[in-house]
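Residue numbers (this note's numbering): 115 to 392.
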């Protein structure tokens, strides 16, 4: 399917520039793409310029970090107006906390005998305002402390692990309200990755629905057919629109799929792209 509504560039924690993201997606046959960098819309202008040359439709997007009942959840905003002041005020506040979190994680890593994590991680971030745990994982791989990024999350950085730092992101209702204020549709990103119990998942979907959320990703990254069938049924149960995205960051990433390409969604789905303006 030539639709991808979740991917990242160097503006957040991706390896390709916004223009390169569009070029790669187009080369892979994509015709409808959303650039959804973490807590930042700074790559959209360059992506639109390249999309116009490449004959691909680009949707304005963003992926926003949320603290929900002690967990970190990501909400994608699709078809947003990047100039919206309410949205940009929220994103600016979220970006300002990232360096503080990096320092706290670096301090914990130092107690494990891993020095220079703060400086080493910043050296790998194209945009230091957007430093993420992915950048820290890159540092741990390059400095030889783990073999691959997935190991960095399993051993140090994942929720509840030894060097994890709980950070207060935005509230769920605040994020959904900001996305809607910017004219967008709020989507729960990769819900299959949160390791929620059935009750917690129901609570998340109910809370999201109550504050105006409209869609969930039925496919994300490398989800399997069973995931897609299960989340298609959940989308139907909660009357959510269905989205899909590669969650591409870079080649060979442990969680992402092929940029610009997603599998067909189950036929019971109501596609979110039917509700997006060209």
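Glycine included, every Cβ here is placed at the ideal spot set by N, Cα and C.
Among the residues of its own chain, which have a CB less than 7 Å from the CB of residue i, if the five just before and after it don't count?
i           : result
residue 310 : 318
residue 384 : 355 and 356
If I follow the unbroken alpha helix (DSSP H) through residue i, where does it start and stop?
i           : result
residue 129 : That residue, residue 129, is in no alpha helix (DSSP H); it is neither H nor E in DSSP.
residue 162 : 158 to 168
residue 316 : 312 to 324
residue 309 : First-last for residue 309: undefined, no H or E at that position.
residue 240 : Here residue 240 belongs to no alpha helix (DSSP H), and DSSP marks it neither H nor E.
residue 193 : That residue, residue 193, is in no alpha helix (DSSP H); it is neither H nor E in DSSP.
residue 418 : Residue 418 lies beyond the stretch modelled for the chain, which goes from 115 to 392, so this question has no answer here.
residue 291 : 286 to 295
residue 233 : 231 to 236
residue 266 : 263 to 266
residue 256 : 247 to 256
residue 365 : First-last for residue 365: undefined, no H or E at that position.
Using CA atoms only, rank isn't needed, just tell me which of the options is closest to residue i.
i           : options               : result
residue 351 : 187, 359 and 323      : 323
residue 241 : 321, 362, 290 and 210 : 210
residue 274 : 186, 180 and 169      : 186
residue 332 : 313, 325, 301 and 321 : 301
residue 118 : 192, 181 and 283      : 192
residue 285 : 129, 390, 169 and 184 : 184
residue 330 : 177, 140 and 134      : 177
residue 198 : 224, 155 and 226      : 155
residue 249 : 349, 239 and 262      : 239
residue 272 : 247, 169, 336 and 287 : 247
residue 388 : 289, 166, 299 and 169 : 299
residue 376 : 335, 353, 383 and 347 : 335
residue 179 : 315, 204 and 316      : 204
residue 297 : 258, 169, 189 and 196 : 196
Buried or exposed, going by whether 16 or more other CB atoms sit within 10 Å of the CB of residue i?
i           : result
residue 381 : exposed
residue 292 : buried
residue 251 : buried
residue 221 : exposed
residue 164 : buried
residue 175 : buried
residue 151 : buried
residue 212 : buried
residue 342 : buried
residue 365 : exposed
residue 349 : buried
For the beta strand (DSSP E) that contains residue i, what are its first and last residues?
i           : result
residue 333 : 329 to 334
residue 148 : 146 to 149
residue 279 : Note, residue 279: premise wrong, no beta strand (DSSP E); not H, not E.
residue 299 : 299 to 302
residue 180 : 171 to 182
residue 355 : 355 to 359
Cutting at 6 Å between CB atoms, please list the residues of its own chain near residue i, excluding the five before and the five after it.
i           : result
residue 266 : 251, 254 and 260
residue 116 : 143, 144 and 145
residue 181 : 282 and 283
residue 223 : 231 and 277
residue 345 : 332
Report yes if the CB atom of residue i is closer than 8 Å to the CB atom of residue j, and no otherwise.
i           : j           : result
residue 386 : residue 360 : no
residue 370 : residue 147 : no
residue 159 : residue 149 : no
residue 128 : residue 363 : yes
residue 208 : residue 235 : no
residue 219 : residue 279 : yes
residue 201 : residue 295 : yes
residue 244 : residue 126 : yes
residue 355 : residue 328 : yes
residue 173 : residue 390 : yes
residue 326 : residue 290 : yes
So, for residue i: in the same chain, excluding its five sequence neighbours on each side, which residues have a beta-carbon less than 8 Å away from its beta-carbon?
i           : result
residue 392 : Unreliable placement is indicated for residue 392, whose pLDDT of 49 sits below 50; the coordinate value is still reported in the next sentence. Excluding residues within five positions, the ones whose Cβ falls inside 8 Å are 171.
residue 123 : 130, 131, 132, 134, 135, 149, 151, 157 and 161
Verify the CB distance criterion: does residue i have a CB-CB separation below 8 Å to chain B?
i           : result
residue 338 : Given the protein chain composition of this structure (a single chain), no chain B is represented.
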